[in-house]
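Single-structure report; data block below.
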Amino acid sequence: MGRPRPDTERPLERALGFSRCPSCTYDFATGEGWRACNYYGCPYLPEALDVFCPICVYNFYTGDGNPGCSDPPDCDFAREEAPRRVAAVARWQARQGA
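Going by numbering that gives the first Met the number 0, the residue at position 53 of the sequence shown is 52; the numbering climbs one at a time, nothing skipped.
Rendered as structure tokens:
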């Protein structure tokens, strides 16, 4: 038996199991594509895969947008959370075969 995972890994593993709705072509990493639900972003997207800044909507995956803190972004989200989320999206895409 393997050792128990820390609590922080469980949400990430659940997020890596995320799958888009069957008719959705929205690329939540780039913010492009058609969304069957017509929401601004995917309402089902796990937080661990959301690469957009919650304040200024800067896309840390593509580097698109106007960061509200500075250029390059240096806020707490940019330093602490964004790198983890971008890495999680890369892992998710690898699992999807993208």
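Built from N, CA and C at the ideal position, the CB exists for glycine as well.
Compare the beta carbon distance of residue i and residue j with 7 Å and say whether it is the shorter of the two.
{"i": "Cys52", "j": "Phe76", "result": "yes"}
{"i": "Ala87", "j": "Leu48", "result": "yes"}
{"i": "Tyr60", "j": "Val50", "result": "yes"}
{"i": "Ala35", "j": "Ser18", "result": "no"}
{"i": "Gly32", "j": "Tyr25", "result": "yes"}
Quick one: grab the DSSP three-state call for residue i.
{"i": "Phe17", "result": "coil"}
{"i": "Phe51", "result": "strand"}
{"i": "Asp26", "result": "strand"}
Going by C-alpha to C-alpha distance, which of the options sits closest to residue i?
{"i": "Gly67", "options": "Gln92, Val56 and Ser22", "result": "Val56"}
{"i": "Ile54", "options": "Glu12, Trp91 and Glu80", "result": "Glu80"}
For chain D, check one thing: does any of its Cβ atoms lie closer than 7 Å to the Cβ of residue i?
{"i": "Ala47", "result": "No chain D appears in this structure, which consists of one protein chain only."}
Across which residues does DSSP place residue i in a beta bridge pair?
{"i": "Asn58", "result": "Phe51 and Asp63"}
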